[in-house]
Each structure stands twice: as structure tokens, then as C-alpha cells.
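Student: Could you have a look at this structure, given as C-alpha cells, before my questions?
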Amino acid sequence: MSAFFSGVGVILSLELRQRVRSVSWYILLAVFVALILIVTVLLSFALYGFRASDDGGGGIYSTIIYFVLLLGTLVAPALSGNAINGDRDAGTLATTQVTLITTWQLILGKFLAAWVTALAFLAAALPFLVYATIIGRLGIGTILVSILVLALELGVVAAVGVGLSGLMSRPLFSIVASYLIVAGLSIGTLIAFGLGGLSVQTTVTNSSSYGLQYGTNGVATECSPPVTNEYPAPRFDLFWGALVANPYVILADAVPTAYDSHDQPQDLFGFIKFSVRSAQQAPETAIVFDECAPGNVALYDQRPTARETIESTTPGWAVGLFIQLLLAGGLLAGAHARTKTPAAKLSRGSRIA
Amino acid sequence: MLIVMTSTELLKSDPDPAGITVENVGRSFGDVHAVRDASFVATPGTVTGLIGPNGSGKTTLMLMLASLLQPDAGRIRVAGYSPVSETAAVRARLGWMPDVLGSWSSLSVRNALIFTARLYAMDKSTAAARAAELITLVDLTELADSPARVLSRGQKQRLSLARALVHDPAVLLLDEPASGLDPLARTQLRVLVRRLASEGKTLLVSSHVLSELDEMADGAVYISQGVTASAEALARSRASARPWRIRSSDVNALRAALVASGIEEAAIVTDRTELLVALAGEPAASALLAQLVNSGVAISTFAPAVGDLEHTFIDLSSEEAK
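Read top to bottom, the protein sequences are chains Y and U.
Heads up, the first sequence is in numbering that gives the first Met the number 0, so the first residue is 0 and it goes up one at a time.
Heads up, the second sequence is in numbering that gives the first Met the number 0, so the first residue is 0 and it goes up one at a time.
Structure representation (C-alpha cells):
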């Protein structure tokens with residue numbers, strides 16, 4: 000087993016030497032830091048004007064984390080999307096494959112190299128995250144979990160890039176396809192959730208009977224016959240699986256939520272988490288309102304708080320991460336099957352050496 | 000070195016000889032039959048040339064031997080192991096120099112060799128020592144610490160050769176090793192190839208420069224349209240007429256002597272100060288030379304106009320065309 004990992008380590012260090020140590024990579028890193036700096040400064044000024052009670056730190060923090068995720072998922076496919084087919088074009092893949100390196104060592108080494116490279120961008124963003132945490136007086140759990148999820152998301156994108164670079168023979172196509180998968184996860188999941196929920200609808204029957212006469216204590220003693228009306232309601236609860244595969248949703252959902260005294264979430268992540276968790280609940284199909292029935296006055300108070308909703312629903316981040324890891328693992332396995340030597344099948348027009 | 004042996008390998012009942020054995024191997028890509036029926040044996044201590052026109056299946060055959068491509072049919076043994084089922088055992092004993100020049104462009108020559116050694120599971124210090132040895136061997140000392148992208152084609156070719164030798168393999172596959180080399184480097188390559196053969200290694204060398212292969216190869220495998228030439232075809236080719244080049248200070252006397260010895264005047268080709276005559280086989284050539292010497296013509300050159308390999312190559316290629 001240690002022989003396996005030392006082989007992976009050789010590929011990893013070879014990749015880092017070969018790809019990362021270039022001037023353009025450092026320029027990209029500098030541009031990345033500059034962008035985050037600009038966003039952080041502008042947000043600080045903007046939120047200072049509102050004089051939010053927590054100095055806007057929570058808001059800044061959430062936004063900066065999202066910005067790091069956005070830029071990271073935009074950079075990672077470019078770093079990983081030609082890992083295997085780029086080597087084939089350069090004529091260095093086959094010379095590596097005739098050595099004692101196995102295909103899995105090759106693919107895992109390349110994946111780790113792409114991941115480490117993407118993590119360098121996260122590391123460069125850390126000072127800004129720390130700044131926002133201190134200003135926003137956020138808990139240590141929040142920053143640790145969000146950094147962890149960011150790191151995992153970058154790993155998923157790196158795996159997708161390396162996987163597609165093994166599955167497709169042209170580097171340009173595999174890089175574009177990696178971007179399309181990132182776009183699919185970031186935006187496509189939202190569209191699937193929205194359109195899916197709206198296209199499947201349930202009829203809700205609402206029957207209400209209102210008080211006609213009230214007793215001295217204000218309780219209705221005689222009510223009208225129930226008035227029934229029906230209307231359609233979207234079934235977002237059937238499609239929450241699509242929503243939680245979204246990296247931004249996973250991030251918001253995974254971070255531990257801080258609640259205020261009314262059990263309402265305090266930051267951007269918390270609000271997103273609450274709406275995503277609410278989407279898991281099926282709409283009530285029969286709503287009965289009867290003023291004469293006992294206890295109905297308290298109806299509105301019985302609605303669960305954000306804290307209760309969040310605590311009673313499935314942790315979507317776990318489901319979402321599972322879906323993403325399945326996708327990433329599947330693509331890496333596909334790349335293995337296509338890159339394995341001695342090769343049985345070759346795609347049209349591709350040259351092995 | 001990491002060699003994973005399964006029990007079947009250890010208990011193998013049929014110990015294949017070292018070297019390369021290819022039996023009726025075929026490989027097609029869709030409708031394209033790159034290799035249809037290739038058979039040959041290359042024994043340790045010899046250099047075997049692999050010769051054939053462009054697109055004849057040389058590289059496909061090399062890739063199958065290098066354990067990169069599965070054959071559709073037939074049986075291959077490299078150093079006694081099957082590249083398909085005993086891939087790791089073959090790779091530990093096989094060095095491959097591809098025809099495509101690929102190198103890690105931002106790595107120095109030394110680091111490229113160190114990394115190659117480590118891909119063969121050598122530890123860091125062994126890898127560094129081996130890299131230093133190979134740099135001296137292929138004469139890249141001055142460029143050892145320059146990145147591979149500044150190397151010329153010939154220098155890259157030498158780096159590629161060094162890379163194939165990193166793990167001191169018993170079997171070497173060299174695909175067009177001489178292309179891009181200057182005359183001095185070609186001579187060095189030839190010396191190195193012969194030395195490796197004298198150390199008991201098996202070498203298979205493909206090249207288009209047949210005169211050069213003539214100088215270094217002990218034997219040759221001819222492949223055309225995916226089929227290796229049979230022993231009979233080779234014997235037929237050896238017996239067929241081929242041009243001999245005869246040079247004399249007195250061309251007219253030479254021509255007269257040739258006509259006198261029974262060669263039709265129309266069959267004699269004049270090439271500057273030399274005459275070319277088609278002769279069938281070595282005995283005919285010996286007999287003619289004896290006659291010419293007896294007739295008193297001053298002969299300064301009497302030699303085949305084309306090398307053995309080139310003659311066979313052209314003969315087999317034209318036979319194919321018929």
C-alpha cells in the first residue's frame with residue numbers, strides 16, 4: 000500500500016513541478032487576490048453605511064466565502080481540465096505509462112496535484128476570511144466548516160476536470176466540458192429545482208368556515224358552512240435533491256447556523272439554509288380552517304420556527320456532497336477505464352503515444 | 000524495484016526465452032488493419048531492425064510490444080512475459096524510446112531523468128546517481144541543468160534514449176532513434192547500441208535510414224501492410240538480381256570487358272565514372288569479379304550499389320505492389 004502511495008507522490012510532485020511553477024500561474028494568483036481585496040474593501044464600506052448591529056461582518060463573511068468559491072470553481076477547471084489529454088498531446092503520457100506507475104497512481108496523482116493547486120487559491124484568500132470573521136464576530140465553527148466545504152468543493156471540481164481530461168481526447172473540449180459541469184452544478188441545479196417544482200403541481204383543498212356569532216369571550220359559537228376552494232401548489236419538495244447538489248447551497252447548508260432570540264438565522268448562509276430546508280417539506284394538501292373548532296386561534300403560532308425547521312429536516316449538505324462525490328468518483332473511474340494500458344479500445348483518431 | 004509476481008508467473012511451465020517473441024499478432028482500429036499478421040523472434044545479445052514503409056504498422060507493433068496496446072490476435076512475449084497479462088513484469092524489463100518526442104518541458108534534463116527513475120520506484124539517491132550516469136552516457140553534461148524545452152531535436156532524442164535506459168532494461172525498443180542526430184551522434188548511437196547488445200540485451204530498432212541499420216543490426220524484420228515478410232520471401236529476395244557498382248580508371252575498357260563476359264550492353268547503366276550491373280546473388284558477383292581481374296581491367300570499386308536491407312526492402316515493397 001505504501002508503494003502505491005509513493006507512486007502517487009511521485010506523480011504529484013512531477014505535476015506540481017511541471018505545471019505550477021510557471022509565471023502565468025503566479026500572475027493568476029495575484030489577480031485572484033486583487034479581486035478578493037477589492038470586493039472585501041467595497042463591501043466593508045457598503046455595509047458600514049448601514050451600521051448593522053454586528054458591523055456587517057456576517058454579511059461580508061458570507062459574501063467573501065461565496066466569492067472565493069466562485070473564483071475557485073472558475074480557476075480549477077483550467078488547472079485540471081487538460082491534465083491527462085494535455086500530456087498525451089505533449090507526448091509525455093505514454094512514456095509515463097510504460098514505467099511501473101499504474102493507471103490509478105497516475106490519475107490520483109494528477110487529481111491531487113490539481114486539488115493542491117486549487118487549494119493554493121483558497122490559502123491566498125484566507126487572510127480575507129480571517130478579517131471578515133474577526134469583524135463579524137463569527138464562531139470558530141463557522142469559519143472552519145466553511146473553509147472545509149470550500150476545500151471539498153475545489154476537490155470535486157479538480158476531480159471533474161481530471162476525469163474529463165481522461166475521458167475526452169481534446170484538451171479544449173475537456174476544459175469546456177469541465178466548465179459546463181461547474182455551470183450545471185452552480186446554475187443548472189437551480190433551474191432544475193425551479194422548473195421541476197413548478198411542472199409537478201399538487202391541488203390544495205382549502206376549506207374554511209368563518210364565525211357568524213361570537214360569544215362574550217370572543218369565541219365563535221356559530222359558523223358558516225365550510226367554503227371549499229382548490230388551487231395548485233408547486234412540489235418543490237420532490238426536487239430538493241437537485242438544489243442541494245449546488246455548491247453554494249452545500250456551503251450555506253453545512254455551516255452551523257447562529258440564531259437570534261426569535262430562533263431566526265443571523266447571516267446570509269442561515270437564511271439560505273432555512274429556505275432550502277423548507278423546500279424539503281411537502282405542501283399541505285388539505286387546509287381546514289374552522290373558527291368554531293377549539294384551538295384554532297393559536298394556528299399561526301404553531302408554525303415551526305427556522306430553528307425547528309432546520310433541526311427537523313434532512314441535512315441537505317450531506318446529500319449534496321454525496322451526489323457530487325459520486326459524480327467526481329464516477330468521472331475519475333471513467334478516466335481510468337479510458338486511460339488504462341494495454342489499451343483495448345482507442346477513440347477515433349486518437350493516438351496513444 | 001517493484002515487481003509483483005503472481006503464482007502463475009512463478010510456476011510457469013513454459014519458460015519463454017528472454018528477448019522478444021511475436022507470433023501471428025494482429026491489431027485493427029475499426030476498419031483499419033494496422034497489423035494483420037506479424038511474427039518474429041529477437042534474441043538476447045542481438046540488434047534486430049524493424050523495417051517497413053510508412054504506415055506499414057511498425058509503430059503499432061512497437062506499441063503492442065511496449066505494453067501500451069492490446070493485440071486483437073496472436074501472442075507476444077517480452078523478456079519471457081506477456082505484456083497483456085503480466086504488464087508490470089514486462090515494464091520492469093523493458094525500455095521504450097518512442098518516435099514522438101515528448102519531454103516535460105519545464106523540467107531540467109537531470110530532473111526529467113530523476114523523475115523517470117522514481118517512476119520506476121527507485122529511491123531518490125539511487126535515482127540521482129542513475130541520472131548522473133546517463134547524462135554522461137548520452138553526452139548531455141553541459142545541458143544537464145537546462146530545461147528540456149531549450150534542447151534541439153537531436154538533444155531531445157538523446158534525452159529520450161537516456162530515459163529508456165533508466166532502469167537498465169533487458170529489452171529495448173527504439174523507434175527511429177537516429178532521426179535528428181548529427182553524424183557524430185549517429186556514430187555514438189551505433190557504438191552504444193552495439194555495446195548494449197554485447198551486454199546481452201535484446202534490441203529492436205526501427206528506422207527509415209536503412210544504411211544505418213545495415214551497420215548496427217544483426218538481422219531485420221520486414222513489415223509491409225501489417226504483415227511481416229516470411230522466411231521464403233526473404234530468401235527469394237536475397238537471390239534476386241541487384242545492382243552492383245563497378246569503378247575503373249578506364250570506363251571504356253571496363254564496359255568492353257563486361258560485354259565480353261556475357262552482359263548485354265543495354266543492361267549496363269552508366270553513373271558518372273561508374274557502371275552499374277544487375278547480378279543475381281553473391282556467387283555471380285564473385286565470378287564476374289574474377290573474370291574482370293583476369294582480363295586485366297583496373298578495378299578500384301566492386302560493391303553492391305544498395306545495402307542488404309535496402310535491397311530487401313525495395314524488393315519486398317515492389318513485390319507487394321505487384
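Note that CB positions come from ideal geometry on N, CA and C, so glycine has one too.
Note that the structure is predicted; figures quoted are calculated from it, not measured.
1) Can you confirm whether the segment 183-193 of chain Y touches the segment 82-102 of chain Y when touching is taken to mean that 3 or more C-beta pairs between the two stretches lie within less than 8 angstroms?
2) Taking a cut of 7 angstroms between CB atoms, which residues from the segment 83-96 of chain Y lie near chain U?
3) Does the beta carbon of residue 119 of chain U sit closer than 8 angstroms to a beta carbon anywhere in chain Y?
4) Under 8 angstroms, do residue 184 of chain Y and residue 245 of chain Y count as touching if we go by C-beta distance?
5) How would you write the range of the beta strand (DSSP E) that residue 174 of chain Y sits in, first residue to last?
6) Would you verify that the beta carbon of residue 95 of chain U is, or is not, closer than 8 angstroms to some beta carbon of chain Y?
7) Jot down the residue ranges of each uninterrupted beta strand (DSSP E) in the segment 209-235 of chain U, minimum 3 residues, whole runs only, in chain order.
8) Might you give, ordered along the chain, the residues of its own chain that have their beta carbon closer than 8 angstroms to the beta carbon of residue 268 of chain U, omitting 5 neighbours on each side?
9) Write down the C-beta distance between residue 222 of chain Y and residue 307 of chain Y rounded to the nearest angstrom, noting that I regard them as a contact closer than 8 angstroms.
10) If we define contact as Cβ-Cβ less than 8 angstroms, is residue 342 of chain Y a contact residue for chain U?
11) From the DSSP output, in three-state form, read off residue 238 of chain Y for me.
12) Quick one: Cα of residue 214 of chain U to Cα of residue 304 of chain U, how far?
13) Within this structure, are the beta carbons of residue 162 of chain Y and residue 342 of chain Y separated by less than 8 angstroms?
14) Under 8 angstroms: do the segment 88-96 of chain U and the segment 166-185 of chain U share three or more Cβ pairs, one atom per stretch?
15) In whole angstroms, what is the alpha-carbon distance linking residue 404 of chain U and residue 150 of chain U?
16) Quick one: which chain Y residues come within Cβ less than 7 angstroms of residue 162 of chain U?
17) Say whether chain Y places a C-beta atom closer than 8 angstroms to the C-beta of residue 224 of chain U.
18) When DSSP builds the beta bridges, which residues end up paired with residue 289 of chain U?
19) Spell out the partners DSSP gives residue 22 of chain U in its beta bridges.
20) In the DSSP assignment, find the unbroken beta strand (DSSP E) run with residue 144 of chain U in it and report its ends.
21) In or out: residue 55 of chain U buried (at least 16 other Cβ within 10 Å) or exposed?
22) Quick check: the segment 296-316 of chain U against the segment 187-205 of chain U, are there 3 or more CB pairs under 8 angstroms?
23) My output table needs one value for residue 103 of chain Y: the three-state DSSP class, helix, strand or coil.
24) Leaving out the 5 sequence neighbours to the left and right, which residues in its chain are closer than 8 angstroms to residue 185 of chain U when beta-carbon positions are compared?
25) Please report the distance separating the alpha-carbon of residue 109 of chain Y from that of residue 109 of chain U.
26) DSSP three-state label for residue 298 of chain U, please.
27) Can you name, in chain order, every residue of its own chain whose Cβ lies under 6 angstroms from the Cβ of residue 274 of chain Y, other than the five neighbours on each side?
28) Under 8 angstroms, with one C-beta from each stretch per pair, do the segment 89-106 of chain Y and the segment 153-160 of chain Y reach the 3-pair mark?
29) Answer with yes or no whether the minimum CB distance from residue 68 of chain U to chain Y is below 8 angstroms.
30) Got a sec? Which residues, its chain only, sit under 6 angstroms from residue 301 of chain U by beta carbon, not counting five neighbours each side?
31) With a 10 Å radius around its C-beta and 16 neighbouring C-beta atoms as the bar for buried, classify residue 321 of chain Y as buried or exposed.
32) Between the Cα of residue 292 of chain U and those of U:260, U:64, U:209, spot the shortest distance and give me the residue it belongs to.
33) Expressed to the nearest angstrom, what Euclidean distance is found between the alpha-carbon atoms of residue 47 of chain U and residue 128 of chain U?
34) For a quick check, are the C-beta atoms of residue 228 of chain U and residue 315 of chain U less than 8 angstroms apart?
35) Helix or strand or just coil, what does DSSP make of residue 24 of chain Y?
36) When the Cα of residue 266 of chain Y is compared with those of Y:62, Y:34, Y:67, Y:24, which residue comes out closest?
Tutor: Let's see:
1) no
2) 89, 90, 91, 93, 94, 95, 96
3) yes
4) yes
5) No beta strand (DSSP E) contains residue 174 of chain Y, which is instead part of the alpha helix (DSSP H) from 170-182.
6) yes
7) 218-223
8) 242, 274, 275, 276
9) Going by Cβ atoms, the distance from residue 222 of chain Y to residue 307 of chain Y rounds to 31 angstroms, so no, they are not a contact pair.
10) yes
11) coil
12) 15 angstroms
13) no
14) yes
15) Chain U is shown from 0 up to 321; residue 404 of chain U falls before or after that span and cannot be answered.
16) 94
17) no
18) The partner list for residue 289 of chain U (beta bridge, DSSP) is empty, contrary to what the question assumes.
19) U:74
20) Here residue 144 of chain U belongs to no beta strand (DSSP E), and DSSP marks it neither H nor E.
21) buried
22) no
23) helix
24) 177, 211
25) 22 angstroms
26) strand
27) none
28) no
29) yes
30) 245, 288
31) exposed
32) U:260
33) 30 angstroms
34) yes
35) helix
36) Y:62
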